[in-house]
Amino acid sequence: MRILIMRVTLRASWVHSLKEKRMVIKSIMQKLKNKFNISVSEVAEQDIHQILVIGIAAVCGSSAQISSIMENIISFIEENCDAEIINIEDDEELF
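The sequence shown begins at -19 in the numbering used here and counts up by one.
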């Protein structure tokens, strides 16, 4: 069993309030949960309007599956969110 751990940082330059940010981040997190059946949460920079940091975790059977899911998640975020991806950190744990 392998565990995918990702931290995706996005920039939403048009966001000017925390209320707007919450709407954007809740939307993309719910879409990711529904599409991929993964755990998603806002993990940092909660008080900065234009920076969104999303933590993602998933249990996978193999390294190939992790790579595939990671690519699909990144593509999905790019297609379904107007925010720009500025950083992606990933890790894989073996259990």
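For every residue, glycine included, the Cβ atom is placed at its ideal position computed from N, Cα and C.
How many Å lie between residue i and residue j at the Cα?
i       : j        : result
Gln10   : Phe16    : 10 Å
Glu0    : Ser(-7)  : 11 Å
Ile57   : Ser42    : 23 Å
Leu(-2) : Asn67    : 21 Å
Ala44   : Val33    : 25 Å
Ile65   : Thr(-11) : 6 Å
Ile53   : Ile5     : 15 Å
Do residue i and residue j have their C-beta atoms within less than 8 Å of each other?
i        : j       : result
Glu69    : Met3    : no
Arg(-18) : Cys40   : yes
Gln26    : Val(-5) : no
Name the residue from the options whose alpha carbon lies nearest to the alpha carbon of residue i.
i     : options                            : result
Ala63 : Arg(-18), Leu(-16), Ile(-17), Ser7 : Ser7
Ala38 : Ser48, Ser55, Gln26                : Ser48
Quick one: residues in its chain with C-beta nearer than 6 Å to the C-beta of residue i, no 5 flanking neighbours on either side, listed in chain order?
i     : result
Asp71 : Ile(-15)
Gly35 : Arg(-13), Ser21, Val23
Asn60 : Lys11
Which same chain residues, not among the five before or five after residue i, have their C-beta less than 8 Å away from its C-beta?
i     : result
Ile28 : none
Met50 : Leu(-16), Met(-14), Asp70
Ser55 : none
Under 7 Å Cβ to Cβ from residue i, same chain only, skipping five residues before and after it: list those, please.
i     : result
Asn14 : none
Ile18 : Leu12, Ile36, Ala37, Ala38
Ile46 : Arg(-18), Leu(-16), Cys40, Glu72
### Query
Which full runs of the alpha helix (DSSP H) of 4+ residues lie inside the segment -10 to 61, going along the chain?
Those alpha helix (DSSP H) runs which fall completely within the segment -10 to 61 and span 4+ residues are -2 to 16, 43 to 60.
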